[in-house]
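S.K.: Using the numbering used here, read the sequence shown as starting at 17 and increasing by one per residue.
Built from N, CA and C at the ideal position, the CB exists for glycine as well.
These numbers were taken from a predicted model, which means no experiment stands behind them.
Handing you a structure now.
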Amino acid sequence: MTTPISSATTSTTTTPPAAPAAGTSLDATTSPAATGVGSATVDTKAPGAASAPRRTRSEAELKALVEEANELFGERNADTQELLAWAGRTFGKSLAVACSMASDTVVPALVSQHIKDVDVLFLDTGYHFQETIETRDAFASDWPVNVRTLLPRLTVPEQDAEFGPKLHDREPATCCGIRKVEPLDNALEGYEAWVTGLRREETPHRANAAPVEWDERHHMVKINAIVDWTFDDVVSWAETNLVVVNPLLTQGYPSIGCAPCTRKVAPGEDPRAGRWSGLGKTECGIHV
Ligand code: SF4
Numbered sequence: 017m018t019t020p021i022s023s024a025t026t027s028t029t030t031t032p033p034a035a036p037a038a039g040t041s042l043d044a045t046t047s048p049a050a051t052g053v054g055s056a057t058v059d060t061k062a063p064g065a066a067s068a069p070r071r072t073r074s075e076a077e078l079k080a081l082v083e084e085a086n087e088l089f090g091e092r093n094a095d096t097q098e099l100l101a102w103a104g105r106t107f108g109k110s111l112a113v114a115c116s117m118a119s120d121t122v123v124p125a126l127v128s129q130h131i132k133d134v135d136v137l138f139l140d141t142g143y144h145f146q147e148t149i150e151t152r153d154a155f156a157s158d159w160p161v162n163v164r165t166l167l168p169r170l171t172v173p174e175q176d177a178e179f180g181p182k183l184h185d186r187e188p189a190t191c192c193g194i195r196k197v198e199p200l201d202n203a204l205e206g207y208e209a210w211v212t213g214l215r216r217e218e219t220p221h222r223a224n225a226a227p228v229e230w231d232e233r234h235h236m237v238k239i240n241a242i243v244d245w246t247f248d249d250v251v252s253w254a255e256t257n258l259v260v261v262n263p264l265l266t267q268g269y270p271s272i273g274c275a276p277c278t279r280k281v282a283p284g285e286d287p288r289a290g291r292w293s294g295l296g297k298t299e300c301g302i303h304v
């Protein structure tokens with residue numbers, strides 16, 4: 017069973033090495049002074065250029081670890097802290113965390129309690145809200161992590177020249193493929209496991225996600241650390257632990273992606289209704 021969020025917070029024996037005293041709460045609109053705890057790097061366009069190979073286990077060995085995790089934690093509601101403690105012991109620096117710098121900053125914050133200077137992968141599509149970039153910078157300074165900013169192979173002007181302007185309005189799957197899926201695929205090649213902020217309540221496609229899965233696309237272990245958390249759980253943990261989150265969350269954007277593909281939602285509306293609204297698309301492709 018999953019430990020309630022408040023219990024998970026108080027029961028952990030591994031608190032962040034440096035509490036992010038300068039972190040922002042949900043009420044903040046911008047991040048304050050940085051503490052300089054973490055670090056940040058920007059990858060070059062060469063696929064995987066900044067990723068030192070960290071895979072030492074075979075695919076069979078990695079699959080066996082998925083089975084081990086499912087036996088230890090079950091396939092529905094794992095205790096997040098126990099799960100991440102296992103992940104830290106098992107993978108160490110051969111694990112990376114994906115983060116969109118929306119509400120999911122809680123995920124690398126949680127992981128950093130178990131793996132110091134863990135790599136955090138941020139996809140800079142070139143279309144982000146300024147608030148998202150500022151959230152990335154504040155988070156990188158507040159927490160003991162290494163934020164890797166991943167760039168697509170094409171800049172926005174280069175994509176416009178090759179495909180025409182506003183590809184996101186005409187072929188969002190192609191745009192997401194170039195700007196999100198490809199860079200992440202390339203970066204993940206260097207690791208044995210990745211941690212996501214995927215939550216079951218977000219979309220029907222995610223409703224059956226397990227805490228630990230075999231990722232057939234990337235041939236690696238996928239750890240959905242907060243798979244059974246609600247949005248309120250995330251907000252509560254962020255506030256309690258002073259984790260900076262994207263200020264747009266409290267301005268009508270409960271789900272935040274690229275600016276051209278994200279609109280405000282009305283009270284009571286599906287939180288993800290503002291993503292690719294009217295385009296019949298619900299996933300960017302990195303979780304399918
Ligand atoms: S979310 Fe929109 S702008 Fe961003 S990569 Fe996907 S289609 Fe392109």
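(1) Using 7 angstroms as the cut-off, classify the Cβ of T171 as near or not near the heavy atoms of ligand 1, replying yes or no.
(2) I'd like the list of long-range same chain contacts for T57, defined as Cβ closer than 8 angstroms, with 5 residues on each side in sequence excluded.
(3) Please report the distance separating the alpha-carbon of A80 from that of E174.
(4) Over the uninterrupted beta strand (DSSP E) stretch that includes V261, give me the two end residues.
(5) In angstroms, rounded to a whole number, what distance separates the CA positions of D133 and L100?
(6) Could you please give the first and the last residue of the uninterrupted alpha helix (DSSP H) stretch that includes V127?
(7) The beta strand (DSSP E) with A112 in it runs from where to where?
(8) Let me check you understand the geometry: is the CB of T72 closer than 7 angstroms to at least one non-hydrogen atom of ligand 1?
(9) Considering only the alpha carbon of each residue, which of L204, P168, D59 and F247 lies closest to R216?
(10) Cβ of H184 within 7 angstroms of any heavy atom in ligand 3?
(11) Alpha carbon to alpha carbon, what distance is there between R288 and E218?
(12) Taking 7 angstroms as the cut-off, is the beta-carbon of C115 closer than that to any non-hydrogen atom of ligand 1?
(13) Can you check DSSP and say which residues form a bridge with M236?
M.R.: Quick answer:
(1) For the purposes of this step, residue 171 is identified with residue 155 of the sequence shown, where counting begins at 1. Checking every heavy atom of ligand 1 against the Cβ of T171, none is found closer than 7 angstroms.
(2) The residue you call residue 57 lines up with position 41 of the sequence shown. Excluding positions up to five away in sequence, the list reads A66, N162, V163, R164 and T165.
(3) Walking along the sequence shown from the start, residue 80 turns up at place 64. Walking along the sequence shown from the start, residue 174 turns up at place 158. Their Cα atoms are separated by approximately 43 angstroms.
(4) Start at 1 with the first residue of the sequence shown, and residue 261 comes out as number 245. No beta strand (DSSP E) contains V261, which DSSP labels as neither H nor E.
(5) Position 117 of the sequence shown holds residue 133. Position 84 of the sequence shown holds residue 100. Cα to Cα, the separation comes out at about 15 angstroms.
(6) Translated into the one-based positions of the sequence shown, residue 127 becomes position 111. Note, V127: alpha helix (DSSP H), V122 to S128.
(7) Along the sequence shown, read from residue 1 onward, the residue named residue 112 stands at position 96. Start and end: L111 to A114.
(8) Locating residue 72 in the sequence shown gives position 56, where the first residue counts as 1. Checking the Cβ of T72 against ligand 1 gives no.
(9) For the purposes of this step, residue 216 is taken as the residue at position 200 of the sequence shown. Taking only the C-alpha atoms, the option nearest R216 is F247.
(10) Ligands in the displayed structure: ligand 1; ligand 3 is not one of them.
(11) On the sequence shown, position 202 is the one that residue 218 refers to. On the sequence shown, position 272 is the one that residue 288 refers to. Spanning the two alpha carbons is a distance of roughly 7 angstroms.
(12) Here residue 115 refers to the residue found at position 99 when the sequence shown is read from its first residue. False, no ligand heavy atom lies under 7 angstroms from that Cβ.
(13) Start at 1 with the first residue of the sequence shown, and residue 236 comes out as number 220. Its beta-bridge partners are D231.
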